[in-house]
Each structure stands twice: as C-alpha cells, then as structure tokens.
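Asks:
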Amino acid sequence: MILGAVIGDTVGSIYEFDNHRSVDFPLFDPACEFTDDSILTVAVAKWLAVDKKHTFEKLDECLVDFTRRYPNPMGGYGTGYVVWANSGNRKPYNSWGNGSAMRVSAVGWACGTLEDTLEVARRSAEITHSHPEGIKGAQATAAAIFLGRNGKSKIEIKDYIEHTFGYDLDRTCAEIRPHYEFDGSCQGTVPEAIIAFLESTDFESAIRLAVSLGGDTDTLTCITGGIAEAFYKEIPQWIVEKILSMIPQEFKDVLGKYNV
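The working numbering applies: residue 13 is where the sequence shown begins, and numbers increase by one.
#1: I believe P85 touches D48 by the beta-carbon criterion, under 8 angstroms. Please report the beta-carbon distance rounded to the nearest angstrom.
#2: If we require 4 or more residues per run, which alpha helix (DSSP H) segments fall completely within the stretch 67–146?
#3: From F263 to V54, what distance separates their C-alpha atoms?
#4: Let's see if you can read the secondary structure: which residues bound the alpha helix (DSSP H) around D49?
#5: Ends of the alpha helix (DSSP H) at V23?
#6: If we ignore side chains and look at the alpha-carbon of each, how far apart do P190 and R33 end up?
#7: From G92, V119, A97, pick the residue whose C-alpha is nearest to that of W108; which is it?
#8: Taking buried to mean at least 16 other C-beta atoms within 10 Å of its own C-beta, is V56 buried or exposed?
#9: Taking all protein chains shown into account, decide if R81 is buried (16 or more other Cβ within 10 angstroms of its Cβ) or exposed.
#10: At which residues does the alpha helix (DSSP H) containing Y172 begin and terminate?
#11: Taking the Cβ atom as the reference point for each residue, do F177 and D228 lie within a distance shorter than 9 angstroms?
#12: Can you give the Cα-Cα distance for S212 and N98, rounded to whole angstroms?
#13: V272: buried (16+ other C-beta within 10 angstroms of its C-beta) or exposed?
#14: Looking at the unbroken alpha helix (DSSP H) that takes in A186, where does it start and where does it end?
#15: Between the Cα of L210 and those of S25, R102, V95, T236, spot the shortest distance and give me the residue it belongs to.
#16: Using 10 angstroms around the beta-carbon of D182, count the other beta-carbons present and answer buried if the total reaches 16, otherwise exposed.
#17: For C234, name the three-state secondary structure that DSSP assigns.
#18: Here's a check: name, in chain order, each residue in its chain whose Cβ is nearer than 8 angstroms to the Cβ of S142, leaving out the five neighbours to either side.
#19: Can you say whether Q249 is buried or exposed, counting buried as having 16 or more other CB atoms within 10 angstroms of its CB?
#20: By Cβ distance, which residues of its chain are closer than 8 angstroms to D77, with the 5 residues on each side in sequence left out?
#21: With E216 and L39 assumed to form a contact (beta carbons below 8 angstroms), what rounded beta-carbon distance in angstroms separates them?
#22: For A242, count neighbouring C-beta atoms within 10 Å of its own C-beta (all shown protein chains included) and say buried if the count is 16 or more, exposed if not.
Okay, structure coming up:
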C-alpha cells in the first residue's frame, strides 16, 4: 500500500521536463529516480504509522526531517516548501500547488471512514497548502484511494469526485494529451491524474496513460499510481521488485507498516 504512488513518481521522474506523449516507453528507464514526491509521501506515511489518533503533532517535524535527510532529489522541492521547511516559525503559505495531493496517498489507506479520510487529508494539506484548491486536491486524491480500496466502482468514484469537488472528469486522455502543458497546481493536475486512472485497464496501463499526458509528469503519475494501486489491488510482481531495488531501506521499512 502506497507503493503505487512511489512507482508512479519514479517512472514519471524523467519526463517532468521532457514530456512523452505516448504510452509506449520502457517503464523503468535507467535514468529514473524517486523524487521529492516519494520522499514526502513516505514522510506522511511514517507520521500516520506513529500518530494513530491523528493528532497532527509532529507532522511538520516528520516532513522536515525527511526533507533534510534527502535534500537533493531529482526535480527538487518546491520553492515555497523549501522556505517553509527552513523556517523557524512554520506557517502555511496558502499554496494551491499539487504537493499536497502528491504526498497524501497514505491517508486514503490509514483512515477507517470517508469522513475521517477527508478530515485527515485536509489537515495534512493545510499545514503548508492552506489554499482551498490545495486542500481540495489532497482530499480528492485521498478520497479516490479510500473509495477504490473499499471496492467502489470507477463510476462511483468518478461521480463522487465530480459532485464533491467539482472536477471535470468527462474528458478523455486523447482529448487532454495534445494541449496539456506543465501545471503545478492541484486544479491542473489532480483531475488529469484521476482521468488517467479512470481510463486504465490495470495498474501498469494507468501509469503509462498518466505519463503520456505530460505536464508535471512525476507528480501526476504519483497521484494516478496511488489511486490505481488501491483500485486494482495488485501491482505486477516484477514492478514491485524493481521499485524495491531502487528505494532506500528506510522507505521499505515505512512501506512495510502498510503491508507492502
């Protein structure tokens, strides 16, 4: 659980600034690396594994600890986030960036109810991303994961996300792909990531569709991967073995708490 987000981030890492508008590519290029998306995803997962009651004590410390110990990931941390992490007085900076959504996948696995999922996602986002769009992106991602892991159909997931968050999910990947450009916002990333999942037929096809859209590829594919894993319940073993060979032991230890 949550390994799908790390896989998506890693596969998409080399295409963030060199978009590949096709589903035909080697899934793990030799240049692929995990990025800040995986680092902060694991940081949130570690915090959730410790903070069973979701008190939100030390969430900021957990994020900063991982940031300092993994300081130079491919792609780099966002400018606003870096300022926040290095500040002695960490206050949210009203961001609507997609960083709140890319790190939230563990929330969709850790919570027992949809209501709790939405609340924990909100609070995990607003520690930095206090803008309504930043919160909405995290909530939509976590909700899709919660619904997927609890057996809801794609139609049910789509309807819930559209009606609750107002995202337009009636587009297709073919319609998005020709004109989609880099967009670091939640509102310009999360809907596209969900559409890639909705159009997929299995975990790997979800990852390939997400990459093919372009944009902020590592983050978009990170979000898609998290949702696809929850829905399909299975990742091909060769993909699992490959990603486990590419990430630090600390990541594996944290992921192990989620039965990966």
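Quick reminder that beta carbons are idealized off the backbone N, C-alpha and C, glycines included.
Replies: Based on what the coordinates show:
#1: The count along the sequence shown starts at 1 and reaches residue 85 at position 73. The count along the sequence shown starts at 1 and reaches residue 48 at position 36. P85 to D48, Cβ: 5 angstroms. Contact.
#2: As far as the stretch 67–146 is concerned, its whole alpha helix (DSSP H) runs of at least 4 residues are 71–81, 91–97, 111–114, 117–122, 126–138.
#3: For the purposes of this step, residue 263 is taken as residue 251 along the sequence shown, with counting starting at 1. For the purposes of this step, residue 54 is taken as residue 42 along the sequence shown, with counting starting at 1. One C-alpha to the other measures close to 6 angstroms.
#4: For this step, residue 49 is matched to residue 37 along the sequence shown. Going by DSSP, D49 is part of the alpha helix (DSSP H) stretching over 48–62.
#5: Start at 1 with the first residue of the sequence shown, and residue 23 comes out as number 11. That run of the alpha helix (DSSP H) goes 15–24.
#6: For the purposes of this step, residue 190 is taken as the residue at position 178 of the sequence shown. For the purposes of this step, residue 33 is taken as the residue at position 21 of the sequence shown. Cα-Cα distance, rounded: 8 angstroms.
#7: The count along the sequence shown starts at 1 and reaches residue 108 at position 96. W108 has its Cα closest to that of G92, out of G92, V119, A97.
#8: Reading the sequence shown from its first residue, position 44 is the one you call residue 56. Buried, by the Cβ-count rule.
#9: Your numbering for residue 81 matches position 69 in the sequence shown. Around the beta carbon of R81, fewer than 16 other beta carbons sit within 10 angstroms, so the residue counts as exposed.
#10: For this step, residue 172 is matched to residue 160 along the sequence shown. Per DSSP, Y172 is one residue of the alpha helix (DSSP H) stretching across 166–177.
#11: Your numbering for residue 177 matches position 165 in the sequence shown. Your numbering for residue 228 matches position 216 in the sequence shown. Against a cut-off of 9 angstroms, the Cβ pair of D228 and F177 comes out as no contact.
#12: Along the sequence shown, read from residue 1 onward, the residue named residue 212 stands at position 200. Along the sequence shown, read from residue 1 onward, the residue named residue 98 stands at position 86. Taking the straight line from one Cα to the other gives about 40 angstroms.
#13: In the sequence shown, residue 272 corresponds to position 260, counting from 1. Legend: pLDDT at V272 = 42, less than 50; position of this residue unreliable, value from coordinates given subsequently. Buried, by the Cβ-count rule.
#14: Here residue 186 refers to the residue found at position 174 when the sequence shown is read from its first residue. First-last of the alpha helix (DSSP H) with A186: 185–188.
#15: Residue mapping note: residue 210 aligns to position 198 of the sequence shown, counting from 1. If we check each option's Cα against that of L210, T236 comes out closest.
#16: Sequence index remark: in the sequence shown, residue 182 carries index 170 (1-based). Exposed, since its Cβ has fewer than 16 Cβ neighbours within 10 Å.
#17: Here residue 234 refers to the residue found at position 222 of the sequence shown. Reduced to three states, the DSSP call for C234 is helix.
#18: Here residue 142 is taken as the residue at index 130 of the sequence shown, counted from 1. Here the set comprises P104, Y105, N106, S107.
#19: Taking the first residue of the sequence shown as 1, we reach residue 249 at position 237. Exposed is the label assigned to Q249, since fewer than 16 other Cβ atoms lie within 10 Å of its Cβ.
#20: In the sequence shown, residue 77 corresponds to position 65, counting from 1. Result list for D77: A55, in chain order.
#21: Start at 1 with the first residue of the sequence shown, and residue 216 comes out as number 204. Start at 1 with the first residue of the sequence shown, and residue 39 comes out as number 27. Cβ atoms of E216 and L39 come within 8 angstroms of each other, at about 7 angstroms.
#22: Taking the first residue of the sequence shown as 1, we reach residue 242 at position 230. Of the other Cβ atoms in all chains shown, 16 or more fall within 10 Å of the Cβ of A242; this residue is therefore buried.
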